[in-house]
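In my numbering, the protein residues as written are 1 to 234.
Worksheet for the structure shown next.
As structure tokens, then:
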């Protein structure tokens, strides 16, 4: 398994207002596996990622204002699908899912429930109304008092939804190019005030694409969507 270093360059440290000298790159972590999950906040003040504990578990890490620390939440059975955003009141939160089954390769996550961690309050809580029953909700991302996420019901295809962070009506988003392959679906989501940015992978045979495609999309919260790029795989 490839090993990587998580490094933030001096120019980024300066732009984030990080403490200390901005004349050299800063190493946040070393010895991380190639599937480490990294996320930057919308306000550009913090970075979150997963780090192995050495016991087959993963812990959530946070770099904020030049200081790296372990996030005081239970470890996970696989890397966190963490995203940094806000709660609609200017408070930094991390959103991620906890899954009952370990995801192998490009398989769709199963048995996932979304959580939020309030950085200022140092408190983790489950996001109400999501992930119950046969619903597997993952890749949560929050902004402006809303949350977006991917949902697979009973291991079926993945749909994208947006609703209020604590409650509200689900609004389905268009998503990407679909087929019957169970690996097809979103790889990354990032919610903003106006829309949802999506990295989507369509794997396997698809009409017009022998081996699927990779897409970058932007779904507008008020309706409509934009296909920013599509790269065919065959």
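From the three backbone atoms N, C-alpha and C, an ideal C-beta is built for every residue, glycine too.
Nothing here was measured: the structure is a model prediction, and the numbers come from that model.
For residue i, the three-state DSSP class (helix, strand or coil)
{"i": "residue 216", "result": "strand"}
{"i": "residue 225", "result": "strand"}
{"i": "residue 117", "result": "strand"}
{"i": "residue 68", "result": "strand"}
{"i": "residue 167", "result": "coil"}
Outcome for residue i when other beta-carbon atoms lying within 10 angstroms are tallied against a minimum of 16
{"i": "residue 167", "result": "exposed"}
{"i": "residue 70", "result": "exposed"}
{"i": "residue 114", "result": "buried"}
{"i": "residue 21", "result": "Per-residue confidence for residue 21 stands at a pLDDT of 43, beneath the threshold of 50, marking its modelled position as unreliable; no derived number is given."}
{"i": "residue 138", "result": "buried"}
{"i": "residue 23", "result": "Caution is warranted here: a pLDDT of 48 is assigned to residue 23, below 50, making its placement in the model unreliable, and no coordinate value can be reported."}
{"i": "residue 102", "result": "exposed"}
Per DSSP, the bridge partner or partners of residue i
{"i": "residue 149", "result": "161"}
{"i": "residue 195", "result": "220"}
{"i": "residue 232", "result": "213"}
{"i": "residue 203", "result": "212"}
{"i": "residue 52", "result": "58"}
Endpoints, the beta strand (DSSP E) within which residue i is located
{"i": "residue 135", "result": "135–143"}
{"i": "residue 96", "result": "92–99"}
{"i": "residue 183", "result": "Looking at the DSSP string, residue 183 is not in any beta strand (DSSP E), and its letter there is neither H nor E."}
{"i": "residue 84", "result": "83–86"}
{"i": "residue 126", "result": "123–126"}
{"i": "residue 57", "result": "Neither: residue 57 is in no beta strand (DSSP E) and is coded neither H nor E."}
{"i": "residue 172", "result": "171–173"}
Interface flag, residue i vs chain B, CB-CB below 7 angstroms
{"i": "residue 193", "result": "Absent from the structure: chain B. Only one protein chain is present."}
Residue j beta carbon less than 7 angstroms from that of residue i
{"i": "residue 134", "j": "residue 153", "result": "yes"}
{"i": "residue 141", "j": "residue 191", "result": "yes"}
{"i": "residue 82", "j": "residue 48", "result": "yes"}
{"i": "residue 217", "j": "residue 176", "result": "yes"}
{"i": "residue 57", "j": "residue 68", "result": "no"}
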